[in-house]
Amino acid sequence: MKRISLTLASLLVLCATMNARADTYNPVPPDDAQYKQCLADAAKDYEGGNDKSPVKGQTKAAAYCSCLWNETSEGFSGRLMKFAESEKGAKINRICEKHANWRD
Numbered sequence: 000m001k002r003i004s005l006t007l008a009s010l011l012v013l014c015a016t017m018n019a020r021a022d023t024y025n026p027v028p029p030d031d032a033q034y035k036q037c038l039a040d041a042a043k044d045y046e047g048g049n050d051k052s053p054v055k056g057q058t059k060a061a062a063y064c065s066c067l068w069n070e071t072s073e074g075f076s077g078r079l080m081k082f083a084e085s086e087k088g089a090k091i092n093r094i095c096e097k098h099a100n101w102r103d
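Counted from 1, the sequence shown has number 4 at position 5 by numbering that gives the first Met the number 0; the numbering is strictly sequential.
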């Protein structure tokens, strides 16, 4: 019985930690060119970006772009939206769509 209780408690802690992670991305510097370009690309090419996201105080486009900015590698210097639309960026795209609750 103790083993089952310990397992359940561990699972609850794990779930709570994973859920909390969604809001723990590093803040994007307000003058970051990649982030600004991502927001511009999102506004130009997609609908619903100004809708409220599950991330407190962010639109879906802002949550999506901040996720992309955080999930791409440190040395990445290209356009975030273009990377997300590529085969190489597909996994990060799915993560960020889920983070922002912004899917087709």
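Ideal Cβ positions, reconstructed from N, Cα and C, are used throughout, including at glycine. None of these values were measured; they are calculated from a predicted model.
- Where Gln36 is concerned, the enclosing alpha helix (DSSP H) starts and stops at 32-44.
- The closest CA to that of Gln36, considering only Glu86, Ala89, Cys64, is found on Cys64.
- Here Lys59 is not near Asn92, since their CB atoms are 9 Å or more apart.
- In the structure shown, the three-state DSSP call for Lys87 is coil.
- DSSP links Lys97 through a beta bridge to no other residue.
- Contact between the stretch 67-79 and the stretch 26-45 is present, with at least three C-beta pairs closer than 8 Å.
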